[in-house]
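Participant: Residue numbers (this note's numbering), protein chains in the order written: chain A, 20 to 162; chain B, 10 to 424.
Note that the Cβ used here is the ideal one computed from N, Cα and C, for glycine as well.
Only a predicted model underlies this, so the values are computations on that prediction, with no experimental measurement involved.
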Amino acid sequence: MPLTHIHNPAALLQSLKLPLFSSKVSAGFPSAADDFIERSLDLNEFLIKHPASTFFAWAQGESLRDIGIHDGDLLIVDRAAARSQGAVVVAAIDGELTCKILDVRHKKLLSANPDYPPIEVAGREDLLIEGVVVYSIRKHHRA
Amino acid sequence: MIALVDCNACYVSCEQVFRPDLRGKPVIVLSNNDGCIIARSKEARALDIPDLAPYFKLKPLLQKHKVKVFSANFRLYGDISNQVMENLRLFSPSVEQYSIDEMFLSLDHMPGDMNEYALKIKNTLWRHVRMPVGVGIAPSKTLSKLANHAAKKIKNNNVAVLDTAEKWQWLQKRLPVNKVWGIGSKLTRRLEGIGIRSAYELAQADPKWVRRFTSVNVEKTIEELNGQRCIELEEMPEPKKEIFVTRSFAHKIEKLEDLLRHVSRYAVAAAEKLRAQDSYCQTLYVFAHTSRFHENYYANSLVVQLPYPTSDSRTLISFARLAIKQIYRKGCKFNKCGVGLLDLRERRFYQSDLFRPEQSCKSEALMTALDRINYRYGRDTVTIGAEGLTGRWTMKQHRLSPSYTSSWRDLPVVR
Numbered sequence: 020m021p022l023t024h025i026h027n028p029a030a031l032l033q034s035l036k037l038p039l040f041s042s043k044v045s046a047g048f049p050s051a052a053d054d055f056i057e058r059s060l061d062l063n064e065f066l067i068k069h070p071a072s073t074f075f076a077w078a079q080g081e082s083l084r085d086i087g088i089h090d091g092d093l094l095i096v097d098r099a100a101a102r103s104q105g106a107v108v109v110a111a112i113d114g115e116l117t118c119k120i121l122d123v124r125h126k127k128l129l130s131a132n133p134d135y136p137p138i139e140v141a142g143r144e145d146l147l148i149e150g151v152v153v154y155s156i157r158k159h160h161r162a
Numbered sequence: 010m011i012a013l014v015d016c017n018a019c020y021v022s023c024e025q026v027f028r029p030d031l032r033g034k035p036v037i038v039l040s041n042n043d044g045c046i047i048a049r050s051k052e053a054r055a056l057d058i059p060d061l062a063p064y065f066k067l068k069p070l071l072q073k074h075k076v077k078v079f080s081a082n083f084r085l086y087g088d089i090s091n092q093v094m095e096n097l098r099l100f101s102p103s104v105e106q107y108s109i110d111e112m113f114l115s116l117d118h119m120p121g122d123m124n125e126y127a128l129k130i131k132n133t134l135w136r137h138v139r140m141p142v143g144v145g146i147a148p149s150k151t152l153s154k155l156a157n158h159a160a161k162k163i164k165n166n167n168v169a170v171l172d173t174a175e176k177w178q179w180l181q182k183r184l185p186v187n188k189v190w191g192i193g194s195k196l197t198r199r200l201e202g203i204g205i206r207s208a209y210e211l212a213q214a215d216p217k218w219v220r221r222f223t224s225v226n227v228e229k230t231i232e233e234l235n236g237q238r239c240i241e242l243e244e245m246p247e248p249k250k251e252i253f254v255t256r257s258f259a260h261k262i263e264k265l266e267d268l269l270r271h272v273s274r275y276a277v278a279a280a281e282k283l284r285a286q287d288s289y290c291q292t293l294y295v296f297a298h299t300s301r302f303h304e305n306y307y308a309n310s311l312v313v314q315l316p317y318p319t320s321d322s323r324t325l326i327s328f329a330r331l332a333i334k335q336i337y338r339k340g341c342k343f344n345k346c347g348v349g350l351l352d353l354r355e356r357r358f359y360q361s362d363l364f365r366p367e368q369s370c371k372s373e374a375l376m377t378a379l380d381r382i383n384y385r386y387g388r389d390t391v392t393i394g395a396e397g398l399t400g401r402w403t404m405k406q407h408r409l410s411p412s413y414t415s416s417w418r419d420l421p422v423v424r
């Protein structure tokens, strides 16, 4: 993740000081405050435990309505996360990416909407769990 | 022991990461400008689609077999490759990324069964990134390359460990000498001239004797083929000694102003790469040519000695423009041009000299700001006037896949 974020590029350009000499000289004492500066909160760090196995996806449709995943939500999907009972997963079914709830005990993929029936996992070669939805992000301010 | 892990048909596998429907299907990827085929899935290879063949010639065959065709999406491949490499780093504290799809891992002092470890690497990469990889493990880099080659031939396994002389000799007897790492076509001919045809014959030859006909590198290769480690892992890759940005044009160019715009863009792209590796360049190389297959073929190039070592896009642009003006000839239909930065040196080793001009501090700061803005807000947020205002790479990319990893709009959709 990038650590150097420029929040206001225009300000940065304006604040460039013209040096007396054209080569850089480092002199003087560093500010004592530098030691106490902590990084600001980084949402990536909070939401993504395994950057090397995580991807983002958009949710489409209402098949997981009753667990609070709605059309247009942003999904954070970790391929490395544990596939435990009840985990919300992204599965490839017949070549299509689908979001379901994993029912390990009954070998089923469940929806959270009565309109979508469960899918039997047993014996289906065309079915593969791609990853686990670790967070879903929903925009509430519809401006 | 050293492992070499490489991605199977890397670019094609990247296209399949977010397209489960395309896994196990014939898929190919085209080079820039949709010119020729640069990657083929196993299924496409089975249809006898040749590597590096011109796309337009094969269109009927590809359509007949319903082969899925993609324009190269290097941004996607770069992102997936980074994830692959990050995952591989979990398996060894000491690694060397050898290319976009290959990494050497030192497995010295690693306890346990090497075959199992190789399988663990392979399975992790599939689970964490959906990247199919081959793993070759052996005592030297050269042998691990051979092991990897063998791994590819083993069905549904893609893992090979060469831990005894018996095993690697068995393999060497079955491989021609040009399959050995570092033995290119020129060396192959030379070795065949002295009667060495197979990898085994090379391994058994007297290193000092072979060296007389080749080089010290081949002597090292022979030692390595016998399990002696001569080539160490390069954990910190050397910065590139030269940087080239060249493109074939989608449409032939006759006007000087168009050529100037292109050469400016290439100079900027090269300068970005130069700054990314924190180097200065002292010599600039500019070339342009018309198509070899048409009448009045014209090609020319110029080498420009820069007044001082620089990484400033503006300086490089102005000299590249001067050069291309010299090269330009009226009436010629140019189909390719390029910019090369030569004679590079690392900035940290640069010594300033009071009596010679040098790149100003202002330049450094401006270029740093430019790079940061373009990194944070996307390529081409801030450009230099000479680059022109239309998209930087106007090339044919009719079959580009979505930017699954780099654009919010293009994220995969899950139903």
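Hey, B/Asp43 and B/Gln406 are a contact pair by Cβ (cut 8 Å); roughly how many whole angstroms apart?
Facilitator: With 8 Å as the limit, B/Asp43 and B/Gln406 qualify as a contact, their Cβ atoms being about 7 Å apart.
Participant: Using three-state DSSP, classify B/Asn344 as helix, strand or coil.
Facilitator: Strand, per DSSP.
Participant: Residues of chain B with a CB under 8 Å from the CB of A/Leu116: which are they?
Facilitator: Simply Phe27, Pro29, Pro421, Val422, Val423, Arg424.
Participant: Please report the residue range of the beta strand (DSSP E) in which A/Asp122 lies.
Facilitator: Taken as a continuous stretch (DSSP letters only), the beta strand (DSSP E) holding A/Asp122 covers 115-122.
Participant: Determine which residues share a DSSP beta bridge with B/Tyr294 and list them.
Facilitator: Partner(s): B/Val312, B/Gly349.
Participant: Looking at the C-beta of B/Trp417, does it have a partner C-beta in chain A at a distance below 9 Å?
Facilitator: Cβ-Cβ to chain A under 9 Å: yes for B/Trp417.
Participant: Alpha helix (DSSP H) containing B/Lys73: first to last residue?
Facilitator: Unbroken alpha helix (DSSP H) run through B/Lys73: 64-73.
Participant: Cβ of B/Ser149 within 9 Å of Cβ of B/Arg238?
Facilitator: A contact, by the Cβ cut-off of 9 Å.
Participant: Select from B/Glu243, B/Val189, B/Cys19 the residue whose C-alpha is nearest the C-alpha of B/Asp88.
Facilitator: Minimum Cα distance to B/Asp88 is reached at B/Cys19.
Participant: Between the region 253-269 of chain B and the region 329-349 of chain B, do three or more beta carbon pairs fall short of 8 Å?
Facilitator: They touch, by the three-pair rule.
Participant: How long is the line joining the alpha carbons of B/Glu458 and B/Ala127, rounded to whole angstroms?
Facilitator: Beyond the ends of chain B as shown, which are 10 and 424, falls residue 458 of chain B; an answer cannot be given.
Participant: Give the DSSP-derived three-state secondary structure of B/Arg28 in the structure shown.
Facilitator: Coil at B/Arg28, not helix or strand.
Participant: Against chain B, with Cβ distances strictly below 9 Å, would A/Glu149 count as a contact?
Facilitator: So, interface residue.
Participant: Under DSSP, the beta strand (DSSP E) around B/Ala285 begins and ends at which residues?
Facilitator: From DSSP, B/Ala285 is part of no beta strand (DSSP E) but of the alpha helix (DSSP H) over 265-285.
Participant: Look up B/Cys23 in the DSSP assignment and give the residues it is bridged to.
Facilitator: Partner(s): none; B/Cys23 has no beta bridge.
Participant: Comparing the CB of A/Pro137 with every heavy atom of the ligand FAD, is any distance shorter than 8 Å?
Facilitator: Among the ligands in the structure shown, none appear at all, so the ligand FAD cannot be discussed.
Participant: Is the distance from the Cβ of B/Leu85 to the Cβ of B/Tyr413 below 9 Å?
Facilitator: Yes; because the gap between Cβ atoms is below 9 Å, this pair is in contact.
Participant: With a 10 Å radius around its C-beta and 16 neighbouring C-beta atoms as the bar for buried, classify B/Ile262 as buried or exposed.
Facilitator: Classification of B/Ile262: buried, given that the 10 Å Cβ count is 16 or more.
Participant: By Cβ distance, which residues of its chain are closer than 6 Å to B/Leu13, with the 5 residues on each side in sequence left out?
Facilitator: Taken in chain order, the residues that qualify are Phe113, Gly145, Ser153, Lys154, Asn157.
Participant: Determine the DSSP secondary structure at A/Val96, reduced to helix, strand or coil.
Facilitator: If DSSP states are grouped into helix, strand and coil, A/Val96 belongs with the strands.
Participant: For B/Glu95, go through chain A and note every residue whose CB falls closer than 8 Å to its CB, in chain order.
Facilitator: By Cβ distance, chain A contributes Pro70, Ala71.
Participant: Does any C-beta atom of chain B lie closer than 9 Å to the C-beta of A/Ser45?
Facilitator: Any reading at A/Ser45 needs caution, since the residue's pLDDT is 49, under 50, leaving its predicted position unreliable; the model's value is listed next. It does not; no Cβ of chain B falls within 9 Å.
Participant: When DSSP builds the beta bridges, which residues end up paired with B/Pro185?
Facilitator: Bridge partners of B/Pro185: B/Ser207.
Participant: Relative to the C-alpha of B/Leu409, which residue among B/Ile11, B/Lys77, B/Asp30, B/Lys66 is closest?
Facilitator: The option with the nearest alpha carbon to B/Leu409 is B/Lys77.
Participant: Taking only the alpha-carbon atoms, compute the straight-line gap between A/Thr23 and A/Ser59 and give it to the nearest angstrom.
Facilitator: Confidence is the limiting factor: at A/Thr23 the pLDDT is only 33, short of 50, which leaves the residue's position unreliable, though a coordinate-based value still follows. Going by the C-alpha atoms only, they are around 11 Å apart.
Participant: Hey, would you say B/Asp321 sits closer than 9 Å to B/Gln286, going by beta carbons?
Facilitator: Result no, Cβ atoms of B/Asp321 and B/Gln286 do not sit closer than 9 Å.
Participant: Are the CB atoms of A/Ser72 and B/Arg98 nearer to each other than 9 Å?
Facilitator: Going by C-beta atoms, A/Ser72 is not nearer than 9 Å to B/Arg98.
Participant: DSSP three-state call for B/Gln368: helix, strand or coil?
Facilitator: Looking at B/Gln368 - three-state DSSP - the assignment turns out to be coil, as it is neither helix nor strand.
Participant: By how many angstroms is the C-alpha of B/Glu304 removed from the C-alpha of B/Asn91?
Facilitator: Distance between the alpha carbons of B/Asn91 and B/Glu304: 45 Å.
Participant: With DSSP collapsed to three states, give me the class of B/Ile89.
Facilitator: DSSP places B/Ile89 in helix when its eight states are reduced to three.
Participant: State whether the region 140-148 of chain A contacts the region 70-90 of chain A, with contact taken as three or more CB pairs (one from each stretch) at a distance under 8 Å.
Facilitator: With a cut-off of 8 Å, the region 70-90 of chain A and the region 140-148 of chain A do not count as touching, because too few Cβ pairs lie within range.
Participant: I'd like the list of long-range same chain contacts for B/Ala212, defined as Cβ closer than 7 Å, with 5 residues on each side in sequence excluded.
Facilitator: Gln181, Ile231, Leu234, Asn235, listed in sequence order.
Participant: Between the alpha carbons of B/Arg183 and B/Lys161, how many angstroms are there, rounded?
Facilitator: B/Arg183 and B/Lys161: Cα-Cα distance of roughly 14 Å.
Participant: Is there a Cβ of chain B sitting closer than 9 Å to that of A/Ser59, yes or no?
Facilitator: So, not an interface residue.
Participant: Taking 9 Å as the threshold (C-beta atoms), are B/Phe328 and B/Ser310 in contact?
Facilitator: Taking 9 Å as the Cβ cut-off, B/Ser310 and B/Phe328 do not qualify as a contacting pair.
Participant: For B/Asp15, tell me which candidate among B/Pro63, B/Phe79, B/Ala169 has the shortest Cα-Cα distance.
Facilitator: Residue B/Ala169 is the option with its Cα nearest to B/Asp15.
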